[in-house]
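Colleague: At position 431 of the sequence shown (counting the first as 1) the number is 417 in our numbering, and the numbers step up by one without a gap.
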Amino acid sequence: MEVRTRIAPSPTGDPHVGTIYISLFNIAFAKKNNGKFLLRIEDTDQTRSHPTYEQNIYKSLKWAGLHWDEGPDIGGPYGPYRQSERLDIYKKYVMQLVEEKKAYYCFATKEELEEMREIAKKTNQRSGYDRRYRNLSEEEVEKRLKENQKFVIRLKVPLKGECVFDDEIRGQIKAPYADIDDQILLKSDGFPTYHLANVVDDHLMKITHIIRGDEWISSTPKHILLYEAFGWEKPKFMHMPLLLGKDGKKLSKRKNPTSTFFFKETGFLPEALNNFLTLMGYSMPNEKEIYSMEEFIESFDPKRVGQSGAFFDITKLEWINQQYIINNLSEKDLLEKLKNWQFNDEYFLKLMPLCHSRIKTFSDFIELFDFMFIHHLKYTEELFNIKDVTQDQKKYIIQIIMQLLEKVDTIKAQDIDKISKDVAELLRVNHKKVIMPLLFASIQGKHQGPPLFSSSEILGKDRVRARFLSAIEFLGGISNKKMAELNKLLERNELYTIFEKKL
Ligand code: GLU
-13 MEVRTRIAPS
-3 PTGDPHVGTI
7 YISLFNIAFA
17 KKNNGKFLLR
27 IEDTDQTRSH
37 PTYEQNIYKS
47 LKWAGLHWDE
57 GPDIGGPYGP
67 YRQSERLDIY
77 KKYVMQLVEE
87 KKAYYCFATK
97 EELEEMREIA
107 KKTNQRSGYD
117 RRYRNLSEEE
127 VEKRLKENQK
137 FVIRLKVPLK
147 GECVFDDEIR
157 GQIKAPYADI
167 DDQILLKSDG
177 FPTYHLANVV
187 DDHLMKITHI
197 IRGDEWISST
207 PKHILLYEAF
217 GWEKPKFMHM
227 PLLLGKDGKK
237 LSKRKNPTST
247 FFFKETGFLP
257 EALNNFLTLM
267 GYSMPNEKEI
277 YSMEEFIESF
287 DPKRVGQSGA
297 FFDITKLEWI
307 NQQYIINNLS
317 EKDLLEKLKN
327 WQFNDEYFLK
337 LMPLCHSRIK
347 TFSDFIELFD
357 FMFIHHLKYT
367 EELFNIKDVT
377 QDQKKYIIQI
387 IMQLLEKVDT
397 IKAQDIDKIS
407 KDVAELLRVN
417 HKKVIMPLLF
427 ASIQGKHQGP
437 PLFSSSEILG
447 KDRVRARFLS
457 AIEFLGGISN
467 KKMAELNKLL
477 ERNELYTIFE
487 KKL
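This is the structure:
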């Protein structure tokens, strides 16, 4: 049987390094076994999916030098490979389960679901759905369908017993069915849920090995139930250790740079990033730390995949990148890479309007634009000195601006201009005296510089976010608890209180 693996990203945000990390292991396993690796786009979340994000997934995988044998952009024998184009397929399969009484129509309204949640909370029960539509008579279902009542389709999860499966990396895993809700398979908008679409597609696309992050392990029993309900052969599962941030939690953009574009724009070599990412989840037989993708594939053995999460240590990544520069690039190659990176007309042309009237000699250019190239800005206490504003308040302000900027896909000068003014209003502080100095300090690492908003647009969202994160860290960091408090204040429009009392 041909080994077939896949990566199945959802186009719901910036392209995450985790997608490259998981792809590398899927590629290694497929190639080691002369198999195929395919790319499937899981865009069933209509509100969060966006074609731009899908394009960014291709861009980021291509930048990393990864190739797939089948995918939405190149087709293949089991297409389409974009889930939004496969809705009829999911409907057909879910109806099969309804007919076989393995799934059922659920007509619970928003109010009913809310009520169930309240009751579960009060009685300290497993929160979730109380299965009230599970045993509706056929006539009753017919009647409600005729009345055009809104519905979802749910899976009948066994009430007793447990799901036991072998994970090729983690060993035997057990999950009591009583802990699993009757999963929604088809949503009221006619779109499938992740569980249904993922299982149907993995089966139809003949995936033999599912290699994905640990965070999906709790979904696996639900998927196994579906394979059993359909009477399909189950693939093998391998759950990979998660990439962890400094806080020991799953690497998240709220605390670390995670977008592939950040690494590209900061000047990392994709080969070095790939090497680093494989090292996060794998140990080579000779404990080698620097190796090529070919060596990695050649040596690949799932038994050598780690079990516990791996800290995403950017200092280590920098060290690996340096090894690649020293050992793999001639001086001439290095020059080419630098030109491709940011010493090119395209990038410099963007800078011209910002320096045209601001330099006396050409050498002023470097002083003006150092922050456009530097990765580690040198923050100092003095830089963040703002009259009457405490350290805490400064980091909270930066955090709020950073959060509000998340709402835009690409930063335009007018976005950061508007958002920073909105924040000034929300906080009831002076934009010019408080917000602007903080922004200059965090983004440019100086008190003054070329126009802040336009230069932020050129730096791009990923680098601006990374700078905000570094500035917050420099100012002492924000605990999750404080972050939650801040969000509450933001929701209630009471952010200004951080200037009256301590959070
Ligand atoms: N769409 C899921 C994701 O965003 C796929 C998870 C899986 O590999 O099953 O990662």
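Glycine is no exception: its CB is placed at the ideal position from the N, C-alpha and C atoms.
(1) On the CB-based measure, 16 or more other CB atoms within 10 Å of its CB, does Gln32 come out buried or exposed?
(2) For ligand 1, any of its heavy atoms closer than 7 Å to the Cβ of Ser343?
(3) Suppose the cutoff is 6 Å on Cβ atoms and the five residues either side in sequence are ignored; what does the same chain contact list for Lys323 look like?
(4) Alpha helix (DSSP H) containing Phe177: first to last residue?
(5) Would you kindly report the start and end of the unbroken alpha helix (DSSP H) that includes Ala399?
(6) Does the beta-carbon distance from Leu172 to Ile210 come in below 8 Å?
(7) Among residues of its own chain, excluding the 5 on either side of Leu25, which ones have a beta-carbon nearer than 6 Å to its beta-carbon?
(8) Quick check on Ser442: buried or exposed, where buried means 16 or more other Cβ atoms within 10 Å of its Cβ?
(9) Which word fits Phe348, buried or exposed, when buried means at least 16 other C-beta atoms lie within 10 angstroms of its C-beta?
(10) Around the C-beta of Arg453, are 16 or more other C-beta atoms found within 10 angstroms, so that it is buried, or is it exposed?
(11) Out of Tyr44, Ser9, Arg449 and Asn307, state which residue places its alpha-carbon closest to the alpha-carbon of Ile396.
(12) At the level of alpha carbons, what is the spacing between Ser238 and Cys149?
(13) Any beta carbon of chain B sitting closer than 8 Å to that of Thr376?
(14) Which of the three DSSP states, helix, strand or coil, is assigned to His417?
(15) When DSSP labels each residue in this structure, what does Lys487 get in the three-state scheme?
(16) Let me know the secondary structure DSSP gives Glu71 once reduced to three states.
(17) Give, in chain order, every unbroken run of the beta strand (DSSP E) that is at least 3 residues long and sits entirely within the stretch 11 to 72.
(18) Output the residue ranges of the beta strand (DSSP E) runs that lie fully inside the stretch 214 to 276 and measure 3 residues or longer, sorted by chain position.
(19) Between Thr95, Met81 and Lys96, which has its C-alpha nearest Ala89's C-alpha?
(20) Please state whether the Cβ-Cβ distance between Gln328 and Leu461 is less than 8 Å.
(21) Roughly how many angstroms separate the alpha carbons of Gly295 and Glu85, rounded to a whole number?
(22) When you measure from the CB of Pro58 to every non-hydrogen atom of ligand 1, does any distance come out below 7 Å?
(23) Assuming Ile251 and Gly51 are in contact, meaning their beta carbons sit under 8 Å apart, how far apart are those beta carbons, in whole angstroms?
(24) Among Phe262, Glu(-12) and Leu99, which residue has its Cα nearest to the Cα of Trp305?
(25) At the level of alpha carbons, what is the spacing between Leu265 and Gln293?
(26) Is it buried or exposed, Asn242, if we count other Cβ atoms within 10 angstroms and call 16 or more buried?
(27) Which residues in the same chain as Asp408 place their Cβ atom closer than 8 Å to its Cβ, once the five residues preceding and following it in sequence are excluded?
(28) Which one of Glu281, Ser205 and Lys96 has the shortest CA to CA distance from Lys17?
(29) Inspect the CB distances between the stretch 152 to 159 and the stretch 122 to 141 and report whether three or more fall short of 8 Å.
(30) Have a look at Ile6 and Asp200 and give me their C-alpha separation to the nearest angstrom.
(31) The beta strand (DSSP E) spanning Asp152 covers which residue range?
(32) Regarding Trp202 and ligand 1, is the C-beta to nearest heavy atom distance less than 7 Å?
(33) Can the beta-carbon of Gln385 be found closer than 8 Å to that of Leu472?
(34) Using the Cα positions of Asp187 and Leu335, report the straight-line distance between them to the nearest angstrom.
(35) Is the beta carbon of Glu275 within less than 7 Å of some heavy atom of ligand 1?
(36) Is it buried or exposed for Pro221, if we count other Cβ within 10 angstroms and need 16 for buried?
Modeller: To lay it out plainly:
(1) exposed
(2) no
(3) none
(4) Note, Phe177: premise wrong, no alpha helix (DSSP H); not H, not E.
(5) Ala399 to Leu413
(6) no
(7) Ile(-7), Trp54 and Gly57
(8) buried
(9) exposed
(10) buried
(11) As written in the sequence, residue 396 is Thr, which differs from the Ile given in the question. Comparing Cα positions, the closest option is Arg449.
(12) 30 Å
(13) The structure shown contains no chain B; it holds only a single protein chain.
(14) helix
(15) No answer about Lys487 holds up, because its pLDDT of 49 lies below 50 and its placement is not dependable.
(16) helix
(17) 22 to 25
(18) 222 to 226
(19) Met81
(20) no
(21) 42 Å
(22) no
(23) Position check: residue 251 holds Glu in this sequence, whereas Ile was assumed. Not really, about 17 Å apart at Cβ, beyond 8 Å.
(24) Phe262
(25) 13 Å
(26) buried
(27) Leu390
(28) Glu281
(29) no
(30) 15 Å
(31) Glu148 to Asp153
(32) yes
(33) yes
(34) 46 Å
(35) no
(36) buried
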